[in-house]
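*Asks:* Everything in the sequence shown is counted per our numbering, starting at 551 for the first residue and increasing by one. The structure is given below, and queries will be raised subsequently.
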Amino acid sequence: MYYRLFRYFFSLVCILFVIGCRKDSQIESFHIKAEVDTTKATIGDIVSLRIIAEESDGLHLSFPDMEDSEFFEIRQKQYLKKGKGVVFNIVFWDTGRLEIPPYPIEIMKADNTVDYIMETDPFFITVYSTIKNSDGKNLKPIKEPVPVTTPISYRKIILSMAFLFLFGYMVYLWTRRIQIEKRKEIIQNIIPPPYEEALDSLELIKKVCDVKKFYVELSYILRKYVESSIYIKTLEMTTEEIDSYSSLIQMETYLLKEWIELLKRSDLIKYAKQIPEENKRENDLEWSRKFITSTNNYWRNLQVGMS
Numbered sequence: 551m552y553y554r555l556f557r558y559f560f561s562l563v564c565i566l567f568v569i570g571c572r573k574d575s576q577i578e579s580f581h582i583k584a585e586v587d588t589t590k591a592t593i594g595d596i597v598s599l600r601i602i603a604e605e606s607d608g609l610h611l612s613f614p615d616m617e618d619s620e621f622f623e624i625r626q627k628q629y630l631k632k633g634k635g636v637v638f639n640i641v642f643w644d645t646g647r648l649e650i651p652p653y654p655i656e657i658m659k660a661d662n663t664v665d666y667i668m669e670t671d672p673f674f675i676t677v678y679s680t681i682k683n684s685d686g687k688n689l690k691p692i693k694e695p696v697p698v699t700t701p702i703s704y705r706k707i708i709l710s711m712a713f714l715f716l717f718g719y720m721v722y723l724w725t726r727r728i729q730i731e732k733r734k735e736i737i738q739n740i741i742p743p744p745y746e747e748a749l750d751s752l753e754l755i756k757k758v759c760d761v762k763k764f765y766v767e768l769s770y771i772l773r774k775y776v777e778s779s780i781y782i783k784t785l786e787m788t789t790e791e792i793d794s795y796s797s798l799i800q801m802e803t804y805l806l807k808e809w810i811e812l813l814k815r816s817d818l819i820k821y822a823k824q825i826p827e828e829n830k831r832e833n834d835l836e837w838s839r840k841f842i843t844s845t846n847n848y849w850r851n852l853q854v855g856m857s
């Protein structure tokens, strides 16, 4: 039993040793390549520092930010493909032989803690003034201004178009409303009220000699008058239907009853060819005038009471 435990322990030590040796070999083969695109620049020029991790397969690397100093400023940090390097764009603001300090690359453990740190060598950049000669008389030529294009604000364009559309639509509705009101006034001036039209029509049928035609016209005039006044389709209804739905017609009861009787008598003359009494025609015509006048006053008072 002790022999078996010893064998297991020995195997575990060997595995850990192999893993450790493998990791050490990866770190030993790993190296850093750092370069700058120039060692001479003038104030305001951009110097690119490129750092590449070679033979770094299997290692988890971290490229921290480089801090600004009193001599230079980091304008941009850009990672290379596959995360194996980084490029810093640096702008110098002082003259002389200035140093870019060593840059640390962190080798991380599996739990994202730092295992090793490897640094690049420092770089020295000679920065000159923008004045060419030391006497300061000759200056660099002035650079042309960079053209600046005004960005197009699509949001403002859309909002402006929407506002113009709504404003135009409101103007259209307002003008349409004015036109409708004018049309109503014109129609009201052209078309007389229902009771006036009915009374005028009664005067015209006085000259009709044929009895059947007289009662046909009389029935039509009274039906049209009621329909135009209280908006019930009496022209499309039969006398029986008017009698059945008489409760819907707002009218004094005795007038409604007498009107229905007149309609029934007109139907008999029209369809059954019944001949009325000699003076009945004049009486029906006079009653129709009183019917129109009475109902018109009744409906007018009813509207005043509701308002």
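Cβ coordinates follow ideal geometry from the N, Cα and C atoms, glycine included.
To the nearest angstrom, report how far apart LYS659 and GLN626 are at their CA atoms.
*Replies:* 28 Å
*Asks:* Hey, could you find the ends of the alpha helix (DSSP H) MET856 is sitting in?
*Replies:* 830-856
*Asks:* Counting pairs of Cβ atoms below 8 Å between the segment 754-769 and the segment 809-817, do you hit three or more?
*Replies:* Contact holds: three or more Cβ-Cβ distances are below 8 Å.
*Asks:* So if DSSP puts LYS627 in a beta bridge, which residue, or which two residues, is it bridged to?
*Replies:* PHE638
*Asks:* Whose CA, out of ILE702, LYS583, GLU827 and GLU802, lies closest to the CA of PRO672?
*Replies:* Closest by C-alpha distance to PRO672, out of ILE702, LYS583, GLU827 and GLU802, is LYS583.
*Asks:* Entirely within the segment 638-715 and at least 3 residues each: give me those beta strand (DSSP E) ranges in chain order.
*Replies:* 646-650, 654-658, 664-669 and 673-678
*Asks:* Identify the residues that DSSP records as bridge partners of PRO604: which are they?
*Replies:* The amino acid at residue 604 is misidentified as Pro; the sequence shows Glu. Per DSSP, HIS581.
*Asks:* Applying the 10 Å Cβ sphere with the 16-neighbour rule, what's the burial state of PHE613?
*Replies:* By the 10 Å Cβ count, PHE613 comes out buried.
*Asks:* So the beta strand (DSSP E) SER612 belongs to, where does it begin and stop?
*Replies:* 610-612
*Asks:* Let's see if you can read the secondary structure: which residues bound the alpha helix (DSSP H) around ALA748?
*Replies:* 744-755
*Asks:* Less than 8 Å between the CB atoms is what I'm expecting for ASP644 and ILE657, so what's the real figure, rounded?
*Replies:* About 34 Å separates the two Cβ atoms, so there is no contact after all.
*Asks:* Excluding the five sequence neighbours on either side, which residues of its own chain have a C-beta within less than 8 Å of the C-beta of GLU802, listed in chain order?
*Replies:* SER844, THR845 and TYR848
*Asks:* In chain order, what residues of the same chain lie with their CB nearer than 6 Å to the CB of GLY741, ignoring the 5 residues before and after it?
*Replies:* Looking at the sequence shown, residue 741 is not Gly but Ile. Cβ within range, chain order: n/a, list empty.
*Asks:* In chain order, what residues of the same chain lie with their CB nearer than 8 Å to the CB of PHE674, ignoring the 5 residues before and after it?
*Replies:* THR589, ARG647, LEU648, GLU649 and ILE650
*Asks:* Suppose the cutoff is 6 Å on Cβ atoms and the five residues either side in sequence are ignored; what does the same chain contact list for VAL758 look like?
*Replies:* PHE764
*Asks:* Would DSSP call LEU785 helix, strand or coil?
*Replies:* The answer is coil: DSSP assigns LEU785 none of H, G, I, E or B.
*Asks:* May I ask which residues mark the beginning and end of the beta strand (DSSP E) holding THR592?
*Replies:* 590-592
*Asks:* Could you check where the alpha helix (DSSP H) with GLU827 kicks off and where it finishes?
*Replies:* Where GLU827 is concerned, there is no enclosing alpha helix (DSSP H), given that its DSSP letter is neither H nor E.
*Asks:* From which residue to which residue does the alpha helix (DSSP H) around ILE819 run?
*Replies:* Here the alpha helix (DSSP H) through ILE819 covers 803-821.
*Asks:* Return the chain-ordered list of same chain residues with a C-beta closer than 7 Å to the C-beta of SER684, the five sequence neighbours on each side being excluded.
*Replies:* Legend: pLDDT at SER684 = 49, less than 50; position of this residue unreliable, no value from coordinates given.
*Asks:* Inspect the beta-carbon positions of TYR770 and GLU747 and report whether they are closer than 9 Å.
*Replies:* no
*Asks:* Assuming contact is defined by CB atoms lying nearer than 9 Å, are LYS634 and ALA591 in contact in what I supplied?
*Replies:* Against a cut-off of 9 Å, the Cβ pair of ALA591 and LYS634 comes out as no contact.
*Asks:* Relative to the C-alpha of GLU623, which residue among ASP595, VAL636 and ARG600 is closest?
*Replies:* ASP595
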